[in-house]
Every structure is written in C-alpha cells, then in structure tokens.
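K.L.:
Please find one structure pasted underneath; my questions will follow.
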Amino acid sequence: MKHKHDGSIKRNQLIVEGCANGKVLVCGEGLSFWGGVDPNTGLIIDTHHPNHGDSVSGKCLLMPTSRGSCSGSGVLLQLALNKRAPAMIIFNEPEQVLTLGSIVCDRIFGVPIPIICLSQQNYHTVAREKSVELRDRKLVLASQTIDLDLISKAKLVLSETDHAYLEGDHGNVAKAAMETICVMAAVENASSLINVDKGHIDGCILAHDANLIFAEKMAQLGAQVIIPTTINAISVDRENWQNSGLDKDFGKRASRLADAYVQMGVKPTFTCAPYLLTDKPQLGENIGWSESNAVIFANTVLGARTQKHPDYLDLFIAMTGRAPAVGMYSTVGRKARVKIEVAIPQKWTPDDEVLWPLIGWLAGKMSPDAVPLITGLESLSPTIDDLKSLCAAFGTTSGAPMLHVLGQTPESSSQNCEQHPIHLINRENLEDAWLELNRGLEKIDLVAVGSPHASIEEIRKISALFAGRRRHIQTQMKITAGRHTIQRAEAEGITKKLEDAGVQLMPDLCWCSIIEPIFPPEAKGLMTNSGKYAHYAHGLSNRHSRLGSLRDCVDAAISGFAAHELPAWLVP
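Per our numbering, residue 14 is the first one in the sequence shown, and the count goes up by one each step.
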C-alpha cells in the first residue's frame, strides 16, 4: 500500500531536459538501481522485485520513486555510457538518486536522460500508454499531450559564499559542484542551503567503470573536500589485493578509484559503517552522508541529520560544505507518517538476533517512501549491532532515510501517529520474511559476515562461539570489517583465534563489493547474518542466501549445513 504525503508531486515538472521516446515500462514498486539493475545490460536483477527480468534499456520507465542504495546514480551513469539507459524516467513522488545520476550524465558527460515528475493523474495516464515521446518540453501520448514546466531555482535563497562558488571564485570544478547542488535543491523544493560538518563518500566501489571515470575526472579537475570526509568500503583490500588472486587489471583500477578520492582529501577509512568510528556524528549534527545503511543509522540511532544523498552528490557536498536544507535536516521532515506495530512471538529469545533484520525488511515494505514509527519493542534491549542490522535491512525495501523505534531511538518519543496508516508485524509475516530471505541451499560453502561492516563486539562474539572449534573443511567463513575494527581485534588477540578456527578477517571490502575469486567461485551455498546481503545476494553473486543469527552462522561454518527448519520461535 502506498502512503501519499506532503511530498507528492502537484504539477508536471521537467527536471532534466532532452528529447526521447520509448515503450512504457511501469514498475509498481520503487527500484534500487544498485543491486537491482545490471549496469551492463539494463536487466532488472532484483529477484524480490515484481519486474524481475524486465529490461529498462530504451524504455520510458515509470515508478513512484526509487528505493534502496545511494549508488543507483552511478549505475545510471554506467548504463548511459553503455547506451543501455532508459530513454527517460518518470516519477510521481520526489526522487534524488536517479535524478542526480541523470544530472551528472548530462552536465559532466553530455548524455542526457530526461527526468520528469508528474502529478498523480497524469502519471497514471502515461502508465496506461504503450509508448511515449518527449519533445519540445511536452509528453506526447496517443491521444493527448502533457505540458511540462522546467524546474525553477527562483525561490532558492543563497548566501554570499554560495554565490561566490557559482561565480567561480573557488574554481570551475567547485562551481560545477555548487550548480549541481542548487539544481538538486530545486528538485527537492528547498528554499535555501545548509552547512554540514562531515561527509561520507559512497561511489568508491568498482561495480562498473563509471565510478572510476567520474572520480578520476573530478580529481584531474582539482576537486578537494573542505569538511572532514570518510569513504565507504571499496572493492579490494587496498594494501594486500595483489595476493588475493584478483585480476591485476581489476585490482589496479579499484585501487585507482580509492586513490582518486584520497587525492581529493578524503580520509582512507574504507568502511560502510562510519558510525562505528570514534568521531561519529552527534545528536542534532548536520552531516552530508551517502551509503544507505549509514544514512539510516545516523538519522535513526545517532539522531544526526542527513538526507540519503546520492552517489556523486556526496562529493559535491563535501567540496562545498553545503546541502539542500530539506527533508531530514528539519524536524518536520523527520516526522513519522506510518505506524508499524510489532507483536513479538512469545517463544522468541534475545539470543536470536535475526529478528532485527526481519523487522527492518518488513518495515521497509510497509513504509516504502515514508518515515515509520515502530512500536512494540519498548521492553527489549537491542544492541548497537541489532539496530545496525535493522537499519540496513530497512534500507533494502524502503527509500526513507530513517525510522523511529519507540523506546529505542532518540526522537521516537516525540512522534504522533494517531492519524496515520497502521500496519502489523506478527509471527505470520515474520515467517514469510524468513522464508523469502532463506531461499539458499542447506549445504553451506561460504559464510559471509559483515554487511554492513562487523563491529568489534560481533567479532568477539564469533570468536567466543567457535570456542576452540574449527570450521568445516569444505566451508569457508569470511568477515569484512573496517580497518579500525580489525586493528582492535589484532590487539586483543582475536585475529589469531579466528585464524586458528579457519576464519578470515578482511579489511576495506564489504560483501556488497566482493567479486570472484575473493567470493569463492565454487561456492554455491551461502549463509549470512545480514538482511541486507540476503536481499541483494542473488543479484550480486547469482546465489540465493540463507539468513541466520551469528550463532547460526558459526554452526553452519562448523557443520557445513544450515538448519532447514524455521527457528523455533517462528513455528506456529
């Protein structure tokens, strides 16, 4: 069920200009281009999406808005460079990720992909057409035309510093960055820009050539960040990839991608969980982050404030320290508009943390485009890792940049959802979610932990669960974590214990960026503790996954098999 709110489009807007025509492809649900669309073919590869198997290439693509990863902008650029992009994209709700990707395609690479936002009525009119043409700022249908208004920046009030950027006082590349920010501000109907104190860069995975082309072009133009900025996980262990069996050309290009951002002044943190660093954002602090799980955790758990900025816009924001003052930067924008009541199964016990990604995944489906308030968990005592898992799974099925959990997150007590839609999470739909995310084989060849990056607490727990035992000879277990976390594990002697158990700790990488042979080519059965990775695994690796707790993961690593039955607490 879609929940309309104040962000719905009231008029017909042309965001990115161009001329195009194509057959209409309607996606009833939002789609994450990253992990959901093959950047080389244009096929929809998200097996959980109703349009799985359809091609977006050359189509007039309609969907309410996008969802999921901030990296969709990079996928759109790669599709454009491969001549596999949609002919145009039409939304009926505010959207940032693919819009930003289209702006970069047009302004930096000269490949326009028109972006249009329509009113509800006109959106549904176009959805009934077989094909559509865009020309002279009009949508031409079989029996009518729809006039489109160019997006306007007239209401945007800028500071003297903003104007200085636009006038080129800080160089041409910084001027281009500010111009793009202003266009995105107009798209989001912002009236001003806001200062941000920290940045986080997401488009640093070599999932396709577009990310490298963009980063090196920006570095060559002299781009520099002006606020403290961290960087996401990358596609290689930056210091040791030469010994991993990776193709040398791929390893060199992935390293060049990371190096380009470091050259622009970004800290080489290489983690998708920057909220685990010592200098994490504080309550109420304005930041400019990308990476969906990090954005949702920062807003939800830390109470910091950031939009879910698309890849590439994150760099522009870090270069100027300015972002559109809209959405999550205001108290009104952070209000819950959906209520989700959770009825915890009576037999559940706190040692089975798989509950949290299941709730997050379901909550995202129930609130695909609005901030929800989750109730019914007030008596529980979730760890930071439980909330990390909840937020990451939520981000796979919702486009919202945050959620509230009554009694658990800092802004939850101020939410009032009496007049908003109410959904229920109970044993029955938790079972359905478990089955949906447990499509993988029972024989387990690879146990993958660390999406998002594992914390030191999770690594300690895994070591304790092995208790001197060793993994099965035919089952590998690999944990991805940030450099800072692995350094702590080494200092505490945990790394040696895990090595003795046959478990590998890997820095810099994340499961969302790992390719063969680091992902063992012979591995067919996959297990993870991550709802996020269980959702995206098939699209990324062509393998379905099993989902379980850390105890389940360790048991599978030792025995070589995942339990074939439901957890006891989900059995009727």
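Even for Gly, the Cβ is constructed at its ideal location relative to N, Cα and C.
Could you work out which residue in Asn105, Val69, Leu75, Thr78 is closest to leucine 89 when comparing CA atoms only?
P.N.:
Val69
K.L.:
Give me whichever residues DSSP pairs with lysine 491 in a beta bridge.
P.N.:
Ala461, Gln517
K.L.:
Among Lys537, Asp260, Lys491, His485, which one has its Cα closest to the Cα of aspartate 521?
P.N.:
Lys491
K.L.:
Buried or exposed: which applies to proline 530, given that a residue is buried once 16 or more other Cβ atoms fall within 10 Å of its Cβ?
P.N.:
exposed
K.L.:
Serine 402 and isoleucine 370 - do their beta-carbons sit closer together than 7 Å?
P.N.:
Rather than isoleucine, the amino acid found at residue 370 in this sequence is proline. The answer is yes: Cβ separation under 7 Å.
K.L.:
Tell me the DSSP secondary structure of valine 308 in three-state form.
P.N.:
helix
K.L.:
Can you give me the start and stop residues for the alpha helix (DSSP H) that methionine 101 sits inside?
P.N.:
First-last for methionine 101: 101-104, but that is the beta strand (DSSP E), not the alpha helix (DSSP H).
K.L.:
Going by beta carbon distance, what residues of the same chain come within less than 8 Å of glutamate 578, once the five residues before and after it are set aside?
P.N.:
Val584
K.L.:
Of all Cβ atoms in chain B, is any one closer than 7 Å to the Cβ of threonine 112?
P.N.:
Going by chain labels, chain B is absent from the structure shown, which holds only one protein chain.
K.L.:
Excluding the 5 residues preceding and the 5 following arginine 6 in the sequence, name in chain order all residues of the same chain whose CB lies nearer than 6 Å to its CB.
P.N.:
Outside the shown range of the chain (14 to 585) lies residue 6, about which nothing can therefore be said.
K.L.:
Should asparagine 306 and proline 465 be called a contact, given that it needs their Cβ atoms to be closer than 7 Å?
P.N.:
yes
K.L.:
Could you tell me which of His436, Lys36, Ile239, Phe283 sits nearest to glycine 334, measuring between CA atoms?
P.N.:
If we check each option's Cα against that of glycine 334, Ile239 comes out closest.
K.L.:
Assuming proline 337 and glutamate 201 make a contact with CB atoms under 8 Å, what is their CB distance in whole Å?
P.N.:
5 Å
K.L.:
For arginine 141, does the three-state DSSP call read helix, strand or coil?
P.N.:
coil
K.L.:
List, from N- to C-terminal side, the beta strand (DSSP E) runs of 3 residues or more that fit wholly inside the region 333-395.
P.N.:
With a minimum length of 3 residues, the continuous beta strand (DSSP E) runs that stay inside the region 333-395 are 335-337, 351-355, 385-388.
K.L.:
Would DSSP call leucine 579 helix, strand or coil?
P.N.:
coil
K.L.:
Would you mind reading off the limits of the beta strand (DSSP E) that contains serine 558?
P.N.:
Start and end: 558-560.
K.L.:
Quick check on the burial criterion: 16 or more other C-beta atoms within 10 angstroms. Buried or exposed for methionine 14?
P.N.:
Model confidence at methionine 14 stands at a pLDDT of 30, short of 50, so the residue's coordinates are unreliable; what they give is reported in the following sentence. Flag for methionine 14 reads exposed.
K.L.:
By Cβ distance, which residues of its chain are closer than 7 Å to valine 418, with the 5 residues on each side in sequence left out?
P.N.:
Ile387, Leu390, Ser425
K.L.:
In three-state DSSP terms, what is cysteine 32?
P.N.:
coil
K.L.:
Give me the Cα-Cα distance between lysine 261 and tyrosine 274, rounded to the nearest whole angstrom.
P.N.:
20 Å
K.L.:
By the 10 Å Cβ neighbour count, where 16 or more other Cβ atoms means buried, how is threonine 313 classified, buried or exposed?
P.N.:
buried
K.L.:
Any contact between the region 287-298 and the region 74-81? By contact I mean 3 or more CB pairs, one from each, below 8 Å.
P.N.:
no
K.L.:
Which residue's Cα is closest to the Cα of phenylalanine 407: Pro423, His433, Leu368?
P.N.:
Leu368
K.L.:
Could you spell out where the beta strand (DSSP E) holding threonine 243 opens and where it closes?
P.N.:
Residues 242-244.
K.L.:
Can you tell me whether aspartate 59 is buried or exposed? The criterion is at least 16 other CB atoms within 10 Å of its CB, across all chains shown.
P.N.:
Buried, since its Cβ has 16 or more Cβ neighbours within 10 Å.
K.L.:
For the putative contact between isoleucine 588 and arginine 473, defined by C-beta atoms under 8 Å, what is the C-beta separation to the nearest angstrom?
P.N.:
This structure cannot speak to residue 588, because the chain is shown only from 14 to 585.
K.L.:
For the alpha helix (DSSP H) containing leucine 131, name the first residue and the last one.
P.N.:
Annotation: leucine 131 is outside any alpha helix (DSSP H) and is labelled neither H nor E by DSSP.
K.L.:
State the CB to CB distance for the pair tyrosine 325 and phenylalanine 227, rounded to an integer number of angstroms; the pair is presumed to be in contact (CB under 8 Å).
P.N.:
6 Å
K.L.:
Leaving out five residues before and five after serine 572 in sequence, what residues of the same chain have Cβ atoms less than 7 Å from its Cβ?
P.N.:
His485
K.L.:
Taking aspartate 250 as part of the alpha helix (DSSP H), name the residues at either end of that continuous run.
P.N.:
That residue, aspartate 250, is in no alpha helix (DSSP H); it is neither H nor E in DSSP.
K.L.:
Quick one, which of Ser205, Val196, Thr242 has its alpha-carbon nearest lysine 211's?
P.N.:
Thr242
K.L.:
Rounded to whole angstroms, what's the CA-CA distance from isoleucine 591 to isoleucine 438? Just pull it up for me.
P.N.:
Missing from the structure shown is residue 591; the chain here goes from 14 to 585 and no further.
K.L.:
Assign proline 533 to one of two classes, buried (16 or more other C-beta atoms within 10 Å of its C-beta) or exposed (fewer than that).
P.N.:
exposed
K.L.:
Which residues in the same chain have their Cβ closer than 6 Å to the Cβ of aspartate 565, if we skip the five residues on either side of it in sequence?
P.N.:
none
K.L.:
Going along the chain, which residues of its own chain have a beta-carbon closer than 6 Å to the beta-carbon of glycine 561, five neighbours each way excluded?
P.N.:
Val367
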